[in-house]
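Every position in the sequence shown, counted from 1, becomes a number in the numbering used here once 20 is added. Glycine is no exception: its CB is placed at the ideal position from the N, C-alpha and C atoms. For reference, the structure is listed below as structure tokens.
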Amino acid sequence: MNASTFSFAFPWLLFSATIFNFGLSYGSFSAGCIESDREALLRFKHELIDPLNRLASWRTVDANCCRWSGIICDNFSGHVVEIHLRSLSEDEYFASDASGQYYEYRRMSTFRGKISPSLLNLKHLKYLDLSNNNFDESLIPKFLGSVKSLRHLDLANAGFGGMIPHQLGNLSNLQYLNLHSVYGTPYVDNLSWISGLSSLQFLDMTFLNLSQATNWLNVINTLPSLRELHFSFCHLPSVPPILNVNFSSLSILDLSGNFFQGPMFDFLQNITSLKALDLSFNDFNSSIPNWLYGFSHLEFLNLRGNDQLQGKISSDIGNMTSLIDLDLSLTKLEGTIPASFQNLCNLKSLILWETKLSQEINDIFEILFACASNGLEFLNLSGCQLSGHLPNNIGQFKHLSRLDLSTNYISGPLPISLGDLTLVKSMSLSQNNLNGTLPVSFGGLRELEEVDLSYNLLEGDVSAVHFSNLSKLQSFRASGNQLRLSVGPNWKPPSHIYEIDLGCWTIGPQFPHWIHSLKYLTSLNLSNSGIASTIPFWFWNMSSNFHYLNISYNQIFGVISNISSIPHRQLLGFSDQLVDLSSNSFQGPLPYMFSNVRALYLSDNSFSGPMSKFLCYKMHEPRYLEVLDLGGNLLSGEMPDCWMKWKHLEVLILRDNKLSGNIPWSIGTLSNLESLHLRKNNLSGKIPLSLQNCTSLSTLDFGENGLEGSIPIWMGETLANMVILNLRSNKFHGHIPKEICLMNSLYILDFADNNLSGTIPKCLNNFSAMASKDDSIGILLEGDASSWPFYESTFIVTKGNMNGYSSILKFVRFLDLSNNKLMGEIPKEITSLQGLQYLNLSQNSLTGKIPSNIGAMESLEAVDFSQNQLFGEIPQSLAELTFLSYLNLSFNNLSGIIPSSTQLQSLSSSSFVGNEELGGLPLKNCSADGATPPTGAETGDDGKESTSFAWFNFYVSIAPGFVVGFWAVLGPLVFNRRWRLLYFSFLDRLWDKIISVVYVHVVRVIRGHGF
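Printed below as a string of structure tokens:
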């Protein structure tokens, strides 16, 4: 063959060889796998649990295992070299859900069971991928460290737990190791074994517990070939001292989420090969070091969430000309975007969310327009304290796909040039001060897929013209404006929309018919939109596709038909739907809702009748409901006893209905229950013992019913997480058990209006949440019990009035034991509750004195001790309560003078009436029992002369008595030093009281004479 022939034939030979090798890779040309490998794979399959039968092709009738699913063999030898058994992650499930179809729960689509040692017989295995499976927190097998041929090992998110075996360090040929864990709880006792992985190029230990790996940096420094390192959220200890770093090959470094403190690591400045650096969510408390601005090859920089990172963005940032993605959000950086940003021509993503730029937004766009406008795709300047109008040249950023300018001070109408953003896919202008109307040019954003204009001051009409060219629009969010939708009855919005959020728009009074054309709609919010009609039946057929449905706060009426024929769906084994029909005028029986709803709000309507059909219908179907709110209706009859099927329920609200009978035993099967509201019904009987199984309860409101019996001791012993406990207005009797004091998380305790007796427990000082002003426990009141919107609420009596609390409930500390039959003294231990704001012990039979240290309860705003048998003086420390605005000490046996303070003297005299021996302002005389002063017949025509004469007699008679008493005491004091010291100490304390009494009497004499 001559040279010319060879040069012609060689490319064809090369092409043929490539095709041949490709065919071998997929088993097309392979002679078949080795029998020992096939047997090893079959034993491996036998140990696995495969719910979806994904390994159906692994069978003995097919001798060529190279054709089996997930298996790749060597092209010539037939040995198994790769095993690919990863499952799709949850994100991949969502991403593949383009058709609106749902997939089964992750656990039903993943491999489980055990990893068979038969893998040791695969002598040529180089690649093993078991990621995104679920091995139920079993240990990673130690024998994997003996598969010496391995070069790629991926166990990411496979559900392993326990300690990572040191034997993995024997895999000297390993180039890729991924132990990233979300589902399991793996950890290491040290990382010394990593040093044996001399060929390692990729290492990911994200979410592993590396807190004991004190030498982590020195160990990683022994891996000369390492290119990519991910140690994110690993509880890494502080950086150990290191003299020299040897990361000459490292290009990607992720140390995010370890909460490192102090200045940024100096050792990083020597890693000049870095292209991606993620130090987000740490506690660096310095400014951005100057050496970092010299990383001209860096493409990705993420410093987000370093809330102590301070200073200004240096103009040297213009040297980082390779930057593609920059995130400096959630820091204390301030100042302005420097003009040198115009050098960042490769920038595609700029995120400065919640930095204090305090800059004109027009200036920022002018800087970015110089170069970055050609490639910028994502711009987030939310919460940057920007001001001014949106610039007209914003339309020149033609590649923007996401724009977020929310929570600033931007004003003025939307510029017409927004219509030039033809490639924009997502735009957010929410929570600004944008005003004016929505310009017609908005309809020119032909490539727009997502838009957010929520919570601005936009007003006026939005017509069909605004949507005329938005054929690709998928999500339109504009709640919280004053816009009005003005479209004809036959209008059809863009057909691909899956999300519409028009809360607070004017849409009614008729229910919009255009919804009927949106076959992909999964999220709809028409709350508070002025709808005052019935809902057409076709809408309920559509609603089975909804993830989110909110039509609350309208005037929609009518009866909701039984919709049990709607097909049931599941996403990853859990339902994902929220339905909010609250605050309307729906009537009739409760509708049967499809069982995959997770949060259902039907409160404040006029639903009536029993609950049994709603709760007990088709009990064979699974129930995934987490939040159920049926409060404020007309429901009657007994509570059904079929709660055992609602095992996911976390919030149950049945307040303000007409339910009767006993609380059913099965309520105690709700082991996940955190909030239970049965207030204001007609329930009777005792609190069921089964409720002690609900150990997660943080709110229990049984107020205003007819419950009876004693307060259970087990309540304090098993419900230790209680934050709100309300048993008000029932028929409970007996003592308050001291075990209640075990509920140290209590914010609100209300036992008022019962028949409780005995004494107030002295252990009240165990209520540490009431003793503290910290609201950290308050997270239990803000919907943390559920992934759905839920704000805990309750009604309490403050300052004599019943008030509802919700959004600020976590700041309220309340204790009410009033209107019972409690006896004994007010325990002095109560004064340790320094965070308590409302204290009511009125209408009992309490005796003794008001605790002298009550002034230590510095947060008190309202105190009611009225209608008891308290005696003695009002403590002087009461005058130190600067927040006190309500006080009722009436109808006791208090005496002496009311302490002087701005708060106390500003109160009404009714706060002190009924105490015969009590005087001082705001009482008008020393007789505080409400009796009128002496009449004119006793005092003279105007009362002045008799009053003066009485005071004359007082001063004349007091002088001789004083002299006699003075010498009677003085004699013994002259001869006894100890008595003398004690006596003068007593006189010092008495003198302050005498001065107060004399001052009050003299003032009254002067006023009586008209001076």
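Could you check how far apart the C-beta atoms of residue i and residue j are, in whole angstroms? I think they sit under 8 Å.
i      : j      : result
PHE267 : LEU246 : 7 Å
ASN290 : VAL265 : 5 Å
ARG675 : GLY705 : With 8 Å as the limit, ARG675 and GLY705 do not qualify as a contact, their Cβ atoms being about 18 Å apart.
ASN141 : TYR203 : That pair is no contact at about 29 Å.
MET183 : TYR207 : 6 Å
TYR475 : GLN494 : Contact doesn't hold; Cβ gap of about 21 Å is too wide.
Shortest alpha-carbon distance to residue i belongs to which of the options?
i      : options                        : result
LYS134 : PRO161, LEU148, TYR147, ASN141 : PRO161
ASP721 : LEU690, SER695, ILE387         : SER695
TRP373 : ASN363, GLU354, LEU367         : GLU354
VAL239 : PHE253, SER252, PRO261, HIS255 : PRO261
THR303 : THR351, SER334, GLY338         : Rather than Thr, the amino acid found at residue 303 in this sequence is Asp. Selected option, being the one with the closest Cα: THR351.
ASN382 : GLU641, ILE414, GLU67          : ILE414
SER602 : ASN561, PRO556, ASN545, HIS640 : ASN545
HIS99  : SER136, SER56, ARG132          : SER56
LYS143 : GLU67, LEU68, ALA178, LEU61    : LEU61
LEU655 : PRO642, PHE320, LEU679, ASN908 : LEU679
GLU936 : LEU914, GLN925, LEU924, SER926 : LEU914
To which residues of the same chain is residue i closer than 6 Å at the C-beta, ignoring the five residues directly before and after it?
i      : result
GLN887 : SER862, GLN863, PHE911
THR205 : GLY181
LEU943 : SER929, PHE932
ASP174 : ASP149, SER151, ASN198
ASP848 : Position check: residue 848 holds Lys in this sequence, whereas Asp was assumed. Answer for LYS848: PRO871, listed in chain order.
GLY324 : Here residue 324 turns out to be Arg, not Gly, going by the sequence shown. Closer than 6 Å at the Cβ level, and outside the excluded window around ARG324, lie SER300, ASP347, SER349, LEU350.
LEU288 : none
ARG748 : GLY723, ASP770, ALA772, ASP773
Would you kindly work out how many angstroms separate the C-alpha atoms of residue i and residue j, rounded to a whole number?
i      : j      : result
ILE580 : SER506 : 28 Å
LEU211 : MET284 : 23 Å
TRP311 : GLU878 : 51 Å
GLY939 : LEU890 : 16 Å
THR80  : ARG63  : 11 Å
ALA296 : LEU318 : 6 Å
LEU145 : ASN322 : 37 Å
PHE594 : ASP649 : Residue confidence is low: PHE594 scores 38 on pLDDT, short of 50, so the model does not pin down where it sits. No coordinate-derived value is stated.
THR542 : LEU478 : 26 Å
SER691 : ILE387 : 58 Å
ILE214 : GLY189 : 5 Å
ALA876 : HIS255 : 41 Å
PHE969 : ILE917 : For PHE969, the predicted model reports a pLDDT of 32, less than 50, meaning its position is unreliable; a value from the coordinates is still stated below. Roughly 24 Å separates the two Cα atoms.
ILE551 : THR526 : 8 Å
TRP685 : PRO660 : 10 Å
ASP209 : LEU230 : 8 Å
PHE903 : SER765 : 24 Å
SER623 : VAL647 : 12 Å
GLN328 : ASN366 : 28 Å
THR818 : GLN405 : 39 Å
SER293 : SER269 : 7 Å
SER252 : TRP511 : 50 Å
SER852 : LYS869 : 17 Å
Tell me which residues share the same chain as residue i and place their Cβ nearer than 7 Å to its Cβ, disregarding the 5 neighbours each side in the sequence.
i      : result
HIS536 : TRP558
ALA390 : GLN362
PRO556 : PHE531
PRO733 : Note that residue 733 is Ile in the sequence shown, not Pro. Result list for ILE733: PRO757, GLU759, in chain order.
Report the partner residues of residue i according to the DSSP bridge assignment.
i       : result
ASP174  : ASP149, ASN198
ASN821  : THR818
SER915  : GLU893, GLU937
ILE103  : ILE91, LEU148
ASN860  : ASP836, ASP884
ASN604  : Bridge partners of ASN604: none, in fact.
HIS755  : SER777
GLN281  : ASP303
TYR621  : ASP600, ASP649
LYS1071 : Since the first and last residues shown for the chain are 21 and 1031, residue 1071 lies out of range.
ASN310  : The partner list for ASN310 (beta bridge, DSSP) is empty, contrary to what the question assumes.
Less than 8 Å between CB atoms is the rule here; does residue i satisfy it with respect to chain B?
i      : result
PRO871 : Of the protein chains in the structure, only one exists, and it is not chain B.
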